[in-house]
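Visitor: The listed protein sequences derive, respectively, from chains D and C.
This note's numbering puts the first residue of the first sequence at 24, with every later residue one more than the last.
This note's numbering puts the first residue of the second sequence at 8, with every later residue one more than the last.
Backbone N, C-alpha and C define an ideal beta-carbon position, used for all residues, glycine too.
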Amino acid sequence: MKGSARFLLPLGGFVILAGLLAWGLGQDPKLIPSPLIGKPVPKFRLPTLQDPQRTLDQSIFQGKVALLNVWATWCVSCRQEHAFLDRLARRGEVTLYALDYKDERPDALNWLRRLGNPYEEVLFDADGRVGIDWGVYGTPETFVVDREGIIRYKYVGPLDERSWAEKVEPVVQRLKAES
Amino acid sequence: MHLTSPIRGSGVPRAAARRRTGWRPALHAVLLFLALACAGLQAQAYTLSEFTFDDPAQERDFRELIGKLRCLVCQNESLAASQADLAQDLRQEVYEMMKAGKSKAQILDFLVSRYGDFVLYDPPVKPSTYPLWYGPAILALIAAFFLGRALLRRKKARETEISAEEERRVRALLAAADSPEDNAK
Numbered sequence: 024m025k026g027s028a029r030f031l032l033p034l035g036g037f038v039i040l041a042g043l044l045a046w047g048l049g050q051d052p053k054l055i056p057s058p059l060i061g062k063p064v065p066k067f068r069l070p071t072l073q074d075p076q077r078t079l080d081q082s083i084f085q086g087k088v089a090l091l092n093v094w095a096t097w098c099v100s101c102r103q104e105h106a107f108l109d110r111l112a113r114r115g116e117v118t119l120y121a122l123d124y125k126d127e128r129p130d131a132l133n134w135l136r137r138l139g140n141p142y143e144e145v146l147f148d149a150d151g152r153v154g155i156d157w158g159v160y161g162t163p164e165t166f167v168v169d170r171e172g173i174i175r176y177k178y179v180g181p182l183d184e185r186s187w188a189e190k191v192e193p194v195v196q197r198l199k200a201e202s
Numbered sequence: 008m009h010l011t012s013p014i015r016g017s018g019v020p021r022a023a024a025r026r027r028t029g030w031r032p033a034l035h036a037v038l039l040f041l042a043l044a045c046a047g048l049q050a051q052a053y054t055l056s057e058f059t060f061d062d063p064a065q066e067r068d069f070r071e072l073i074g075k076l077r078c079l080v081c082q083n084e085s086l087a088a089s090q091a092d093l094a095q096d097l098r099q100e101v102y103e104m105m106k107a108g109k110s111k112a113q114i115l116d117f118l119v120s121r122y123g124d125f126v127l128y129d130p131p132v133k134p135s136t137y138p139l140w141y142g143p144a145i146l147a148l149i150a151a152f153f154l155g156r157a158l159l160r161r162k163k164a165r166e167t168e169i170s171a172e173e174e175r176r177v178r179a180l181l182a183a184a185d186s187p188e189d190n191a192k
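1) If you run the structure through DSSP and keep just helix, strand and coil, what is Lys190(D)?
2) Taking the beta carbon of Arg181(D) as the centre, do at least 16 other beta carbons fall within 10 Å, making it buried, or is it exposed?
3) Leaving out five residues before and five after Val117(D) in sequence, what residues of the same chain have Cβ atoms less than 7 Å from its Cβ?
4) Looking at the secondary structure, which residues open and close the beta strand (DSSP E) in which Ala184(C) lies?
5) Rounding to the nearest angstrom, what Cα-Cα distance links Tyr160(D) and Asp80(D) in this structure?
6) Is the region 112–121 of chain C touching the region 150–168 of chain D, taking contact as three or more C-beta pairs under 8 Å?
7) Using a C-beta cutoff of 8 Å, does Val37(C) count as contacting chain D?
8) DSSP on Leu158(C), reduced to helix/strand/coil?
9) So that I know if they touch, is there some Cβ in chain C lying closer than 8 Å to that of Ile55(D)?
10) Examine chain D for any beta-carbon lying closer than 8 Å to the beta-carbon of Arg31(C), and answer yes or no.
11) Is the distance from the Cβ of Thr136(C) to the Cβ of Pro143(C) below 8 Å?
12) With C-beta atoms as the reference, is Glu144(D) less than 8 Å away from Tyr120(D)?
13) When you compare the CB of Glu100(C) with every CB in chain D, is at least one pair closer than 8 Å?
14) Quick check on Ser27(D): does DSSP put it in helix, strand or coil?
15) Asp183(D): beta carbon under 7 Å from a heavy atom of the ligand COA?
16) In the DSSP assignment, find the alpha helix (DSSP H) that holds Phe69(C) and state where it starts and stops.
17) I'd like to confirm the pairing. Which residues does DSSP put opposite Ile174(D) in its beta bridges?
18) Can you tell me whether Tyr141(C) is buried or exposed, with buried defined as 16 or more other CB within 10 angstroms of its CB?
19) With C-beta atoms as the reference, is Cys98(D) less than 8 Å away from Pro141(D)?
20) Taking DSSP as the reference, what is the three-state secondary structure of Phe60(C)?
21) Apart from the five residues just before and just after Gln51(C), which ones in its own chain have a Cβ nearer than 7 Å to its Cβ?
22) Roughly how many angstroms lie between the CA atoms of Leu97(C) and Phe60(C), to the nearest whole one?
23) If you draw a straight line from the alpha carbon of Phe37(D) to that of Ala147(C), how long is it in whole angstroms?
24) Which residues in chain D sit within 8 Å of Tyr225(C), going by Cβ to Cβ distance?
25) Can you give me the C-alpha to C-alpha distance between Ala188(D) and Gln50(D), rounded to a whole angstrom?
26) In terms of DSSP beta bridges, what is Val93(D) paired with?
27) Give the DSSP-derived three-state secondary structure of Leu72(D) in the structure shown.
28) For Gly158(D), go through chain C and note every residue whose CB falls closer than 8 Å to its CB, in chain order.
29) Rounded to a whole number of angstroms, what is the C-alpha to C-alpha distance between Val168(D) and Pro65(D)?
30) Starting from Val119(C), trace the beta strand (DSSP E) both ways and give me its first and last residue.
31) Starting from the beta carbon of Gly61(D), find every residue of chain C whose beta carbon is closer than 9 Å, and list them in chain order.
32) Looking only at its own chain, which residues have a Cβ that is under 8 Å from the Cβ of Leu198(D), when we skip the five neighbours before and after it?
33) Any idea if Tyr178(D) is buried or exposed, counting beta-carbon neighbours within 10 angstroms, 16 or more meaning buried?
34) Which residues, in order along the region 79–100 of chain C, keep a beta-carbon less than 8 Å from a beta-carbon of chain D?
35) In angstroms with no decimal places, state the Cα-to-Cα distance between Gln49(C) and Cys78(C).
Shown next, in the form of structure tokens:
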């Protein structure tokens, strides 16, 4: 630590600090890691959107790799996401379930009539209680659930071709390859 | 809606307005009253008065609890302060759990198991939060080490003895500095 090497110390400190700050800028503070990853889907019993008399529970997640997409008609980015979900459903890669979160039944039915219904089933969570059990804090959110009904991944924000190919599809393919 | 009245008022021709200065203070008073009334309404929406408890201690606990929990939508606000929809739902949830006699720990567990440690403003001490809890102390210790070393060195430097030879040189230099021709050099 003699001579010129001493002057490199503050420079080194600065570089480390700048590096940390640059890394921090790249992080999205809105993304909160879900503690539900690796846990079974929360128990629920909800009516479907189309038929209030018919209820479904967590057993719909048994036996296949499925997505649960949390959306609502009041959610602008859900509208943006919908066209992609439609395409995804037509490709038939994965089963799509929906949780219609804190919505109005006529609005939601109208939305699906107009924009198409990519969902196998739409669970209707009028008061958002089931949403709380799933740790939903902002729509749209998409959960990937494996054959045993274990939540394996959560994507927050609107899905599109790119985020699907980069983030979610690899998880789905891996889960489908698991026997 | 109240905002339309001053706009309509400005449509009055100037001469007419001058003639009728009498109603101006009255209008101001009415506007002030409406503004205060609106502010009052808003303030009421921000209190937690809809959550009533029979036991004041329980109410204290409730307020303390929602003050310690973070709203996940507006992350710099507590559940107590946030007007986000989700915060309202979670307040309701916490309220109902308290009414049902759940302990504070049970309620915190409920929220942490769904939203993670992120909902806590006071994160628990565990390996992933060690840097958060101990980092500042470690940095302070490192800083204290360097500061201490620098101070010790300076003290040592001040106390350094000089030899008789060095002292003679110092005196010679000082004497030389006193003579003007040396200064000019």
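Guide: By the coordinates alone:
1) helix
2) Looking at the sequence provided, one finds Pro at residue 181(D) rather than Arg. Label assigned to Pro181(D): buried.
3) Val88, Ala89, Leu90, Val195
4) Here Ala184(C) belongs to no beta strand (DSSP E); instead the alpha helix (DSSP H) covers 171–185.
5) 21 Å
6) yes
7) no
8) helix
9) yes
10) no
11) no
12) yes
13) yes
14) coil
15) This structure lacks the ligand COA, and indeed carries no ligand of any kind.
16) 63–75
17) Val168(D)
18) exposed
19) no
20) coil
21) The predicted model places Gln51(C) with a pLDDT of 44, which falls under 50 and marks its position as unreliable; any figure quoted below should be read in that light. Closer than 7 Å at Cβ, skipping near neighbours: no residue.
22) 17 Å
23) 17 Å
24) In this structure chain C extends from 8 to 192, so residue 225(C) is not present and cannot be described.
25) 20 Å
26) Leu122(D), Glu164(D)
27) coil
28) Arg121, Tyr122, Gly123
29) 11 Å
30) Looking at the DSSP string, Val119(C) is not in any beta strand (DSSP E); the run it does join, the alpha helix (DSSP H), is 111–122.
31) Per Cβ cutoff of 9 Å: no residues; Gly61(D) is ~12 Å from chain C at best.
32) Val88, Val167, Asp169, Arg170, Arg175
33) buried
34) Leu79, Val80, Gln82, Asp92, Leu93, Asp96, Leu97, Glu100
35) Bear in mind that the predicted position of Gln49(C) carries a pLDDT of just 49, short of 50, making it unreliable; the figure below should be weighed with that in mind. C-alpha separation (whole angstroms): 20 Å.
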